[in-house]
Every structure is written in structure tokens, then in C-alpha cells.
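Reading through the C-alpha cells given below for one structure.
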Amino acid sequence: MEQTLVVLKPDAVLRGLIGEIVGRFEKVGLKIVAAKFLMVKKELGEKHYPADRESFLRGMGEKTLENYKKMGADPVKLLGTADSLEIGRMIREWLIEYISTGPVFAFVLEGPHAVELVRKLCGHTLPLISPPGTIRGDFCYDSSYLANTAKRAIKNLIHASGSIEEAKYEIPLWFSPAEIYSYERVEERVMR
Ligand code: GDP
Ligand code: MG
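Counting in my numbering, the sequence shown runs from 27 upward without gaps.
Written as C-alpha cells, this is what we have:
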């Protein structure tokens, strides 16, 4: 049994997609064990997107480099660098800004393989290449190129923990133990 953190970012809330997205997780059988609607303060944004997690920063930079390569765009000309870590640091600033521009809906999902299942339902970080049937593929079209040109984070509706370790770090940032509930959903009996 795993728990994972999901945050419906301001674009999902402003576009009225909370019900649609939450419904997809519920139908798969993932259990909501905590939920809240809030404005994210800078301090939480900074912890949620940690400055010292190099693999996370490089990963974002690499997504930019791949997307630019595909489009024949020159990262040095457009961003002043082709270093994935430097690009990642730039994106992190945009992300902290983005996550605090409006209310977000945060919740914890529980279930077997919850982390992997939720990531599968979300789809790829870049909506442009996220397949149909996924949340990002069905409801948005953004790319690194579009987002970086506008000096903002990619609007891809949703955050979901990328690994079990990430979930263990993220959940306590958003929820205290008393805010996380334990109960049984009826289909758990069917699946036993
Ligand atoms: P995720 O786990 O799929 O959300 O992706 P990451 O953890 O790598 O990145 C976190 C968030 O940063 C993404 O959801 C996007 O909103 C944003 N992001 C990632 N890559 C890029 C990029 O190349 N350019 C911009 N502008 N934003 C990005
Ligand atoms: Mg991530």
C-alpha cells in the first residue's frame, strides 16, 4: 500500500477541472485519505520544489533541452545557457510563482502502486507529448518552448509525486498526520 501527493495547480482550478480529474482517480479505485483547498505561500512552494535536489532541477532542464532539440531551437540564444542545472534553477523560480498564483486543491491518494498509477493517469510532464487518455494529454497542450518563451512554468494542471521517496518527503509538507484518515472503500473487499 502506498500514499502519494496530488496537487491540482491553479490552471486546473481556474478551468473548473477539479471534479473531472478527481473523478478519474476515484474510478480507478484510488482512495482519497486527505484533502484541502488552499493558497500556497512562498515558503511551502520553496520546500515543495527544493533548491538542493539536483536530479529534480536537472530533470526539468533536460526536458527543455529535448523539446528545444526537437524544435530546432537554440537554448543558449533563447535562455542564455545549455546547462540543464542552470535551466532547472530558472524553471524552479517560475514554478514557485505559478503554484502561488491562485488556489490549489491538494489531496493524498492511497492504494496499491499508488505512486506509479497516479503518474500513469497524469501522463508526461509535457502535455504536447502526453498521450490521449491521460489527464495532461486530454486537457492541455503546453510545451517547454511555449512556457520558457513566456518565462513561466509549463501549465500541465497537476502535480503528482514522482517516486515513493518523493511522496514521503512531500506529504508531510502539505498534511499533518491528524489530517490523513483511514477508512475502507467497498471495492477493497472485491479486490481481496
Ligand atoms: P512532473 O513531475 O511531471 O510534474 O515534472 P517535473 O518534476 O520534472 O517538473 C515539475 C514542474 O515543472 C512540471 O510539472 C512543469 O510545470 C514544470 N516544468 C518541467 N519541465 C519544464 C520545462 O522544460 N520548462 C518549463 N517552463 N517548465 C517545466
Ligand atoms: Mg516532479
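Quick reminder that beta carbons are idealized off the backbone N, C-alpha and C, glycines included.
The model shown is predicted, which means the values in this text are computed figures rather than measured ones.
Considering Cα atoms alone, identify which of the options is closest to residue i.
i, options, result
"ALA173", "SER189, TYR75, LEU104", "LEU104"
"LEU34", "PHE82, MET27, VAL48", "VAL48"
"GLU214", "GLY71, VAL54, ALA132", "VAL54"
"LYS57", "SER189, GLU136, ALA140", "GLU136"
"ASP109", "GLU80, LEU143, ALA140", "GLU80"
"GLU46", "ALA176, CYS148, LEU143", "CYS148"
"GLU142", "GLY87, ARG115, VAL102, ILE190", "ILE190"
"ILE125", "GLU196, HIS185, LYS96, MET86", "HIS185"
So, are the CB atoms of residue i and residue j less than 8 Å apart?
i, j, result
"ALA77", "ARG50", "no"
"THR90", "SER170", "yes"
"LEU59", "GLN29", "For clarity, residue 59 is Val in the given sequence; the question names Leu instead. Going by C-beta atoms, VAL59 is nearer than 8 Å to GLN29."
"VAL130", "LEU31", "no"
"TYR75", "LEU121", "yes"
By how many angstroms is the C-alpha of residue j removed from the C-alpha of residue i?
i, j, result
"PRO36", "ASN93", "24 Å"
"ARG84", "VAL212", "42 Å"
"ILE206", "ALA99", "45 Å"
"ALA38", "ILE44", "6 Å"
"ALA193", "SER187", "5 Å"
"MET27", "PRO138", "4 Å"
"LYS73", "LEU199", "8 Å"
Worksheet item: At a cut of 8 Å, does the segment 151 to 168 reach the segment 181 to 195 through at least three beta carbon pairs?
Response: Pairwise C-beta distances place the segment 151 to 168 in contact with the segment 181 to 195, as three or more of them are shorter than 8 Å.
Fill in: Inside the segment 124 to 160 only - alpha helix (DSSP H) runs reaching at least 4 residues
140 to 148
Practice prompt. Please list the segments of the alpha helix (DSSP H) lying wholly inside the segment 164 to 203, counting only runs of 4 or more residues, in order along the chain.
Written response: 170 to 175, 190 to 200
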